[in-house]
Amino acid sequence: MWGLISTLLAVTPTSVGEVGIRFEEALAAVDVAGDVAGLAAAAQARRDGLGRLGWLTSNPQLAVQPGLRTAGTATGPEAQVTVSQSLNLGGLGPARRAVAREEAELTALQLRALRQTRRIAVATAWLETWAAQLAAEAAHQEVGEARELVARLERSLGTAGSTRVEVATARAFAAEAAALHLEWEGRRVEAGAQLANLLGLAAIAVAKGLLPVFSDLEPTSLEGAGAFSVQVLAGELKAERERAAETRALWATSLQLSLLGGRDFPDQWFGGVAVGVTLPVFEHGEREQAVHLSNTRRLTGEVALAENRAKVTRQAARHELEHSAETLAVVKGQQLPAADEAAALEARLYAMGEATLLELTLLRRQALAARIAAAMAEARFASARATAHELLEAR
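For the sequence shown, the residue numbers in my numbering are 30 to 424.
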């Protein structure tokens, strides 16, 4: 029965205003989501900008000084042209390139972190949608069977075939199944809406197809997993240190070279070279350096905190792999077969008049709960494996 429900659900058309999506399609759609695609474009722009950085950190300056001069009774034009170039002697050019390189690497790390977080969230939402759909379908099937039972009992009411108590019991069970179906239908829509929001879809998502198949993964393999959250903060720390070095270089000694030439009225031409030096005597960029120092110390603490959180995340993911596998083995391997068998046997006994309706509904309720629990256990196990595979991408 469980395999039949899975097969039927896989080919059920979506309702109006909903869009069906497979697990692999949902993960692939992460890369075209607005924020992920935008950050990818930003990372590419950062990388492209590295090749356009020049060695000089200031532009040349051109100054033209036209004028008039009187010589005796004659008056004529004259002019002076000066071209100046400032040269930083504190290594500002290399410092700017170092900052740009670290910021490009940081943006790439932020992209990988966002992509990983989104893929885990999408995988979890898809699997929750899948499980809710199976649970809703199982409850819907039970509603149909319960209503058929009510109809049979109502037809035999008063002919010594059934009693009013039995009819009321059957109606109560049918109503209970209907309420359960409505509850899971609501959860299905909520999970589908969450999945649609994560992917930027314009309609509620419906999980299509079967569960994803993952390669073998041992819980101990998570010990080698990294954490993009730690890498991002470490990248921010490196970039901030490079910005501090850039600030020191910005206020270092600079050399100004000037080439000048011109014409004096009436017919004199001249040229020359000027050299100037700007010394960091009064201003060293203390305010800017204090900001970078403050950020560096803050980020150092955040990196340490993130490393501890990453360890806990790995431990929790490893436990979830083991725990969800054990739960699935119990629910699907023991609880579900036993509950289905008990309900089937009790139905035969009831048909032969050797069991009460109360006993039958009790076992059917137990079987329905087992089918729903099996769906949730399968989804949780798949979610644990999907999360573990994504975490391993940060190695």
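Think of the CB as a built atom: it goes at the ideal place given N, C-alpha and C, for glycine as much as any other residue.
Simplified DSSP state of residue i, which is helix, strand or coil
{"i": "Gly46", "result": "coil"}
{"i": "Trp298", "result": "strand"}
{"i": "Asp245", "result": "coil"}
{"i": "Pro309", "result": "coil"}
{"i": "Gly96", "result": "strand"}
{"i": "Thr136", "result": "helix"}
{"i": "Glu177", "result": "helix"}
{"i": "Gly255", "result": "coil"}
{"i": "Ser115", "result": "strand"}
{"i": "Thr104", "result": "strand"}
{"i": "Ser287", "result": "strand"}
{"i": "Ala234", "result": "strand"}
{"i": "Ser185", "result": "helix"}
{"i": "Ala222", "result": "helix"}
{"i": "Arg326", "result": "helix"}
{"i": "Arg409", "result": "helix"}
{"i": "Leu68", "result": "helix"}
{"i": "Ser353", "result": "helix"}
{"i": "Arg81", "result": "coil"}
{"i": "Leu227", "result": "helix"}
{"i": "Ala62", "result": "coil"}
{"i": "Ala384", "result": "coil"}
{"i": "Ala281", "result": "coil"}
{"i": "Leu91", "result": "strand"}
Other residues of its chain near residue i: CB distance less than 6 Å, five sequence neighbours each side excluded
{"i": "Arg200", "result": "Val179"}
{"i": "Leu182", "result": "Ser191, Glu195, Val196 and Ala199"}
{"i": "Arg98", "result": "Glu107 and Phe294"}
{"i": "Glu28", "result": "Residue coverage of the chain in this structure runs from 30 to 424, which leaves residue 28 outside it and unanswerable."}
{"i": "Arg217", "result": "Ala161, Gln162 and Ala165"}
{"i": "Leu186", "result": "Val196"}
{"i": "Gln114", "result": "Pro89 and Leu286"}
{"i": "Ala207", "result": "Val172"}
{"i": "Ser87", "result": "Ser115"}
Expected contact under 8 Å - CB spacing of residue i and residue j to nearest Å
{"i": "Ala129", "j": "Gly78", "result": "7 Å"}
{"i": "Leu85", "j": "Leu284", "result": "Actually they are not in contact, since the Cβ atoms of Leu85 and Leu284 sit about 12 Å apart, beyond 8 Å."}
{"i": "Gln395", "j": "Ala372", "result": "7 Å"}
{"i": "Glu351", "j": "Gln145", "result": "Actually they are not in contact, since the Cβ atoms of Glu351 and Gln145 sit about 22 Å apart, beyond 8 Å."}
{"i": "Leu116", "j": "Leu286", "result": "7 Å"}
{"i": "Val259", "j": "His210", "result": "About 45 Å; that fails the 8 Å criterion."}
{"i": "Phe410", "j": "Ala354", "result": "6 Å"}
{"i": "Ala254", "j": "Thr158", "result": "Not really, about 26 Å apart at Cβ, beyond 8 Å."}
C-beta atoms of residue i and residue j nearer than 8 Å
{"i": "Leu228", "j": "Ala55", "result": "yes"}
{"i": "Arg425", "j": "Glu419", "result": "Nothing can be reported for residue 425, as the shown portion of the chain is limited to 30 through 424."}
{"i": "Ser412", "j": "Leu156", "result": "yes"}
{"i": "Glu275", "j": "Ala124", "result": "yes"}
{"i": "Ala273", "j": "His321", "result": "yes"}
{"i": "Ala203", "j": "Arg184", "result": "no"}
{"i": "Ala415", "j": "Ala152", "result": "yes"}
{"i": "Val332", "j": "Leu397", "result": "no"}
{"i": "Ala399", "j": "Leu378", "result": "no"}
{"i": "Thr342", "j": "Ala406", "result": "no"}
{"i": "Ala339", "j": "Leu251", "result": "no"}
{"i": "Ala167", "j": "Leu262", "result": "no"}
{"i": "Thr325", "j": "Arg270", "result": "yes"}
{"i": "Pro309", "j": "Thr329", "result": "no"}
{"i": "Phe257", "j": "Ala150", "result": "no"}
{"i": "Lys361", "j": "Ala408", "result": "no"}
{"i": "Thr136", "j": "Ala72", "result": "yes"}
{"i": "Gly264", "j": "Glu131", "result": "yes"}
Nonlocal neighbours in the same chain, by C-beta distance under 8 Å from residue i, ignoring five residues either side
{"i": "Leu289", "result": "Gln109, Val110, Thr111, Val112, Gly300, Gly301, Val302 and Ala303"}
{"i": "Ala62", "result": "Arg147, Leu227, Leu228 and Gly229"}
{"i": "Thr249", "result": "Arg347"}
{"i": "Gln318", "result": "Ala273, Thr276 and Arg277"}
{"i": "Pro95", "result": "Pro106, Glu107 and Ala108"}
Proximal residues to residue i (C-beta, below 7 Å), its chain only, five neighbours per side dropped
{"i": "Glu375", "result": "Ala384, Glu388, Leu389 and Leu392"}
{"i": "Ala417", "result": "Leu246, Leu251, Ala346 and Leu350"}
{"i": "Phe52", "result": "Trp155, Gly238 and Pro241"}
{"i": "Gln139", "result": "Leu68 and Val261"}
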